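A.B. asks:
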Amino acid sequence: MIEKMVYAVIGTPSERRLKEFKPHLERINALEAEVKALPDADFPRRTAELKERVKAGSAGIRPDMTAEEKRKIRSAALDAVLPEAFALVREAARRSIGLRHFDVQLLGGMVLNSGSIAEMRTGEGKTLVATAPVYLNALSGLGVHVVTVNDYLAKRDAEWMGPVYRFLGLTVASIQHDLPNEERRAAYACDITYITNNEIGFDYLRDNMVVRAEDRVMGALHYAVVDEVDSILVDEARTPLIISGPAEESTDRYVIIDRMIGHLKIRFITEEEEIQAKYSGEDLGKGYDAVVDEKNHNAVLTDDGIAKSEKLLGIENLYDDLSGAWVHHITQALRAHHLYKRDVEYVVKQGESGPEVVIVDEFTGRLMPGRRWSEGLHQAVEAKEGIVPREENQTLATITFQNFFKMYEKLGGMTGTAMTEADEFAEIYKLGVVEIPTNRVNSRLDNPDIVYLNQRAKWKAIVADIDQNWRRSRPVLVGTRSIEKSEQVAAMLREKGIPHQVLNAKYHEMEASIIAQAGKKGTVTIATNMAGRGTDIVLGGTPNDAEDAKAVVAAGGLYVMGTERHDARRIDNQLRGRCGRQGDPGETRFYLALDDELMRLFGSERI
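Position in the sequence shown (from 1) plus 1246 gives the number in the working numbering.
(1) Excluding five sequence neighbours on each side, which residues of the same chain lie with their C-beta closer than 8 angstroms to the C-beta of M1807?
(2) State the beta-bridge partners of L1854 as determined by DSSP.
(3) By how many angstroms is the C-alpha of D1818 removed from the C-alpha of Y1381?
(4) Mapping DSSP to helix, strand and coil, what is D1692?
(5) Mapping the DSSP letters down to three states, classify N1639 as helix, strand or coil.
(6) Between which two residues does the alpha helix (DSSP H) containing Y1500 stretch?
(7) So, with DSSP's three-state summary, where would you put S1719?
(8) Please report the distance separating the alpha-carbon of R1263 from that of D1461.
(9) Could you tell me which whole alpha helix (DSSP H) segments of length 4 or greater appear in the segment 1509-1568?
(10) Suppose only complete runs of 3+ residues qualify. What are the beta strand (DSSP E) ranges in the segment 1398-1434, listed by chain order?
(11) Could you spell out where the beta strand (DSSP E) holding D1473 opens and where it closes?
(12) How close, in whole Å, do the beta carbons of V1418 and A1404 come, if the pair is a contact with beta carbons under 8 angstroms?
(13) Helix, strand or coil: how does DSSP classify T1661 here?
(14) Does the Cβ-Cβ distance between R1686 and T1368 come in under 8 angstroms?
(15) Is the segment 1326-1336 close to the segment 1369-1389, with three or more CB pairs under 8 angstroms?
(16) If H1746 and A1737 are in contact, beta carbons under 8 angstroms, what's the gap, nearest whole angstrom?
(17) Just the C-alpha distance for M1251 and H1624, rounded to the nearest angstrom, thanks.
(18) What does the alpha-carbon distance come out to for the pair G1923 and D1669?
(19) Taking A1364 as part of the beta strand (DSSP E), name the residues at either end of that continuous run.
(20) Terminal residues of the continuous beta strand (DSSP E) containing V1807?
(21) To the nearest whole angstrom, what separates the beta carbons of A1483 and T1646, a pair I think is in contact under 8 angstroms?
(22) In chain order, what are the residue ranges of uninterrupted alpha helix (DSSP H) at least 4 long that sit wholly in the segment 1311-1389?
(23) Should D1397 go down as buried or exposed, given a rule of 16 or more other Cβ atoms within 10 Å for buried?
(24) Have a look at N1639 and N1649 and give me their C-alpha separation to the nearest angstrom.
(25) With distances taken between CB atoms, is the gap from W1716 to G1768 smaller than 8 angstroms?
(26) Assuming G1387 contacts K1297 (C-beta within less than 8 angstroms), just tell me the rounded distance between them.
(27) Please determine, among K1268, V1472 and I1515, the residue with the shortest C-alpha to C-alpha distance to A1364.
(28) If contacts are defined as beta-carbon pairs under 8 angstroms, then L1451 and L1487 qualify, I think. What distance do you get, rounded to the angstrom?
(29) From this set, I1696, D1286 and I1633, which residue's C-alpha is nearest S1599's C-alpha?
(30) Which residue marks the beginning of the alpha helix (DSSP H) containing I1744, and which one marks its end?
(31) Are at least three pairs of beta-carbons, each pair with one atom in the segment 1651-1660 and one in the segment 1345-1361, less than 8 angstroms apart?
(32) Across the segment 1561-1572 and the segment 1508-1528, are there enough close Cβ pairs to call them in contact, namely three or more that are closer than 8 angstroms?
(33) May I ask whether a heavy atom of the ligand ATP can be found less than 7 angstroms away from the beta carbon of P1683?
(34) If you follow the beta strand (DSSP E) that A1795 is part of, which residue opens it and which one closes it?
(35) Apart from the five residues on each side of it in sequence, which residues of its chain come closer than 7 angstroms, Cβ to Cβ, to G1531?
(36) Kindly list the residues whose CB is nearer than 6 angstroms to the CB of I1248, restricted to its own chain and excluding five residues on each side of it in sequence; keep chain order.
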């Protein structure tokens, strides 16, 4: 209460921070008429002039200075030309792609340039916002990286915003997963490079493994704008990027153990049972061969399980191997069978040399080709699926996203959901979070959750709600947590005769066309987390149909349904954020059941 009263008088921290940028904004708006009068040919010339001014302002940088001292001098040089640079970008965007930055978008750009995180609602044009600080920092000639969560967005944004940068006389490129080294080097040499967090992390590791300097592909880590910054710097912060080489161990052991796993008696435990056992001294594994803890993703062999495994494997003592390899492989096989589900954590796809296990990214719902679980887990999953396990690898180089992104001289980030993690951004990355106001008033209606007794009742209600809205010709987006659940909903809708489209990692090639039509009158779209990030759903579909758009607005806008809550509240908020863009009407609702995975793992038995 006191905090609200104080904010009412002096403004929130975000409002006070934005107030600091108002003089810059007034100067940019004052320059608009002058910049509008420039002929097209003058824009590259003005860029060259600004580069010279930034170079002169950075002349005081010496090799013996600390990174912070260099950053301060360079930032001062860039701030001196900021109003003119932002005014040029605004006009270049208007002429080249027909989009003009709103004032709030320019404020968002200033937040990014200051080395902070801009929290902007969905549909407020984050992709366009980034162009102003990216252009400004590219004037230093040290290269700027725009980092996003997948190849599709990196390519799309580079193609979409590329004409703006080229109009201003800068070079731009995007790096895809399969790009050869020579083309990679050329892309990094551009003024602006669009790339995924995975690709840039692995390029850094590979560059640190080469013997000759000329074999490196990257340049300096000067300035990066990280899109969906909460996903990369929080959700995946401690995810290790690993470059590995083959180890010498045979893969036969995985197949032998996989055949044995089915003979073990398993007990699944909840968090409450585990807590009670600590106080009562109860042996949770008594009468069982293994205990599986779904919440903590662990599996442990009991004494009975060790004895049975020794008998089934024909081994006198599992611990004769001092490294504990047998027990480790059995534990990984238990996890593969009981904690890693097909079409949830992974899919099986036909590869060049036969079927292969491809990981599904938990946070984005996208496939991660080429990525493998470490410590024998991937081989255990392959054995479970009847695929010949590939050789286990040994780690040659590794780094986490947290450690990698902290190496940049300056870092900015964008997302629709950062305030919930503001403390973590400040403590770990020294990044402040600033909430950017919307250009138009948000008119989205977020309904309270509805909780059902069981899955059957929940899914029956979901299908009835979809049917009701579809009959009103209202577009519906149904969000699911896994590929398995998305296909389950699709099967129920087929039974009801409701036409629909499915967007999950299995059909990612059709993502652009599916999302383009998700706001069309009467369209039902079922999607995993893939539709939660980087995708704007336009009412009426794309290309925009004015009559369709009016009909959709009259029906209440896009209706977003969540079929389950996610562990991370931000992912639920991202799904909600698919509707209500730029003041559009929209409505959201989450459907829950008492036997949902989240309720089962975290709820008490009293529920």
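Glycine included, each C-beta is placed from N, C-alpha and C at the ideal position. Please read all numbers here as calculations on a predicted model, not as lab measurements.
C.D. replies: Taking the geometry as given:
(1) Correct list, in chain order: I1708, D1711, I1712, V1722, L1723, V1724, G1725, T1834, R1835, F1836 and Y1837.
(2) Since the first residue shown for the chain is 1247 and the last is 1853, residue 1854 is missing from the structure and cannot be characterised.
(3) 33 angstroms
(4) strand
(5) strand
(6) D1498 to I1507
(7) coil
(8) So the two alpha carbons sit approximately 44 angstroms from each other.
(9) You should have 1517-1526 and 1549-1559.
(10) 1418-1420
(11) Secondary structure note for D1473: its beta strand (DSSP E) is the uninterrupted segment Y1469 to D1473.
(12) 6 angstroms
(13) strand
(14) no
(15) yes
(16) Going by Cβ atoms, the distance from H1746 to A1737 rounds to 11 angstroms, so no, they are not a contact pair.
(17) Note that M1251 scores a pLDDT of 46, beneath 50, so its modelled location is shaky; the value from the coordinates is reported in the next line. In a straight line, the C-alpha of M1251 is about 54 angstroms away from that of H1624.
(18) Missing from the structure shown is residue 1923; the chain here goes from 1247 to 1853 and no further.
(19) I1363 to E1365
(20) The sequence given here has Met at residue 1807, not Val. Segment L1804 to G1808, the beta strand (DSSP E) holding M1807.
(21) 7 angstroms
(22) You should have 1313-1343, 1349-1359 and 1372-1384.
(23) With 16 or more other Cβ atoms from the protein chains shown falling within 10 Å of its own Cβ, D1397 counts as buried.
(24) 23 angstroms
(25) Contact: yes.
(26) Right, their Cβ atoms sit about 6 angstroms apart.
(27) V1472
(28) Their Cβ separation, rounded to whole angstroms, is 6 angstroms, which keeps L1451 and L1487 in contact under 8 angstroms.
(29) I1633
(30) No alpha helix (DSSP H) holds I1744; DSSP gives it neither H nor E.
(31) yes
(32) Output reads no: the segment 1508-1528 does not touch the segment 1561-1572.
(33) Within the structure as shown, the ligand ATP is missing, as the structure has no ligands at all.
(34) From DSSP, A1795 is part of no beta strand (DSSP E) but of the alpha helix (DSSP H) over A1792 to A1800.
(35) R1513, V1537 and T1548
(36) Confidence is the limiting factor: at I1248 the pLDDT is only 49, short of 50, which leaves the residue's position unreliable and the question unanswerable from this model.
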